[in-house]
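In the working numbering, the protein residues as written are 73 to 149.
As C-alpha coordinates, then:
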(Lines of atoms letter the chains of each structure in order from A and count residues from 1; the text may use other names and numbers.)
(Lines give C-alpha, C1' and ligand atoms only; values in the text may rest on other atoms or scores of the structure.)
Protein backbone atom coordinates (compact mmCIF):
# COMPACT_ATOMS: atom_id res chain seq x y z
CA UNK A 1 0.00 0.00 0.00
CA UNK A 2 1.14 3.58 -0.56
CA UNK A 3 1.70 5.96 2.36
CA UNK A 4 -1.60 7.00 3.97
CA UNK A 5 -2.41 10.37 5.54
CA UNK A 6 -5.59 10.51 7.61
CA UNK A 7 -6.96 13.86 8.78
CA UNK A 8 -9.86 13.55 11.19
CA UNK A 9 -11.73 15.83 13.57
CA UNK A 10 -12.10 14.30 17.01
CA UNK A 11 -15.67 15.68 17.24
CA UNK A 12 -16.83 14.22 13.91
CA UNK A 13 -20.50 13.18 14.22
CA UNK A 14 -20.60 11.47 10.78
CA UNK A 15 -17.57 9.15 10.94
CA UNK A 16 -16.48 8.30 14.49
CA UNK A 17 -12.94 9.39 15.32
CA UNK A 18 -12.32 5.88 16.64
CA UNK A 19 -12.40 4.65 13.03
CA UNK A 20 -9.39 6.83 12.21
CA UNK A 21 -7.53 5.52 15.25
CA UNK A 22 -8.30 1.90 14.28
CA UNK A 23 -7.12 2.54 10.71
CA UNK A 24 -3.89 4.11 11.98
CA UNK A 25 -3.18 1.12 14.25
CA UNK A 26 -3.93 -1.37 11.46
CA UNK A 27 -1.63 0.47 9.05
CA UNK A 28 1.12 0.51 11.69
CA UNK A 29 0.68 -3.25 12.21
CA UNK A 30 0.95 -3.79 8.45
CA UNK A 31 4.06 -1.56 8.37
CA UNK A 32 2.42 0.88 5.97
CA UNK A 33 3.83 4.42 6.25
CA UNK A 34 1.04 6.53 7.68
CA UNK A 35 0.15 9.48 9.83
CA UNK A 36 -2.99 10.37 11.71
CA UNK A 37 -3.56 14.10 12.07
CA UNK A 38 -6.18 14.90 14.69
CA UNK A 39 -8.10 18.17 14.46
CA UNK A 40 -9.08 18.99 18.06
CA UNK A 41 -12.76 19.90 18.19
CA UNK A 42 -13.03 19.33 14.44
CA UNK A 43 -16.15 17.89 12.90
CA UNK A 44 -16.77 16.35 9.49
CA UNK A 45 -15.27 19.19 7.46
CA UNK A 46 -16.16 22.83 7.96
CA UNK A 47 -12.79 23.53 9.53
CA UNK A 48 -11.74 27.02 10.56
CA UNK A 49 -9.22 29.01 8.55
CA UNK A 50 -6.60 28.32 11.21
CA UNK A 51 -7.33 24.60 11.17
CA UNK A 52 -7.07 24.57 7.38
CA UNK A 53 -3.67 26.28 7.52
CA UNK A 54 -2.45 23.54 9.85
CA UNK A 55 -3.99 20.83 7.67
CA UNK A 56 -2.26 22.15 4.54
CA UNK A 57 1.04 22.25 6.44
CA UNK A 58 0.59 18.61 7.51
CA UNK A 59 -0.23 17.57 3.93
CA UNK A 60 2.87 19.29 2.52
CA UNK A 61 5.11 17.75 5.20
CA UNK A 62 3.66 14.26 4.68
CA UNK A 63 4.01 14.39 0.90
CA UNK A 64 7.57 15.68 1.17
CA UNK A 65 8.58 13.15 3.87
CA UNK A 66 7.31 10.30 1.71
CA UNK A 67 8.98 11.57 -1.49
CA UNK A 68 5.64 12.13 -3.17
CA UNK A 69 6.09 15.87 -3.63
CA UNK A 70 8.95 18.31 -3.14
CA UNK A 71 8.36 22.03 -2.79
CA UNK A 72 9.86 24.07 -5.56
CA UNK A 73 11.96 27.11 -4.87
CA UNK A 74 9.94 30.20 -5.68
CA UNK A 75 11.96 33.21 -6.78
CA UNK A 76 11.18 36.46 -5.05
CA UNK A 77 9.58 34.81 -2.01
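All residues carry an ideal CB built from backbone N, CA and C; glycine is no exception.
Simplified DSSP state of residue i, which is helix, strand or coil
i           : result
residue 91  : helix
residue 80  : strand
residue 114 : coil
residue 108 : strand
residue 140 : coil
residue 102 : coil
residue 85  : coil
residue 135 : helix
residue 128 : helix
Close Cβ partners of residue i (< 8 Å) along its chain, the five nearest in sequence each way excluded
i           : result
residue 119 : 81, 111, 127
Cβ-based neighbour list, residue i, same chain, cut-off 7 Å, excluding 5 preceding and 5 following
i           : result
residue 138 : 75, 105
6 Å Cβ shell around residue i - same chain, five flanking residues per side excluded
i           : result
residue 109 : 79, 130
residue 77  : 107, 134
- [ ] Determine contact between the region 77–94 and the region 109–123, defined as no fewer than three beta-carbon pairs at a distance below 8 Å.
- [x] The region 77–94 vs the region 109–123: in contact.
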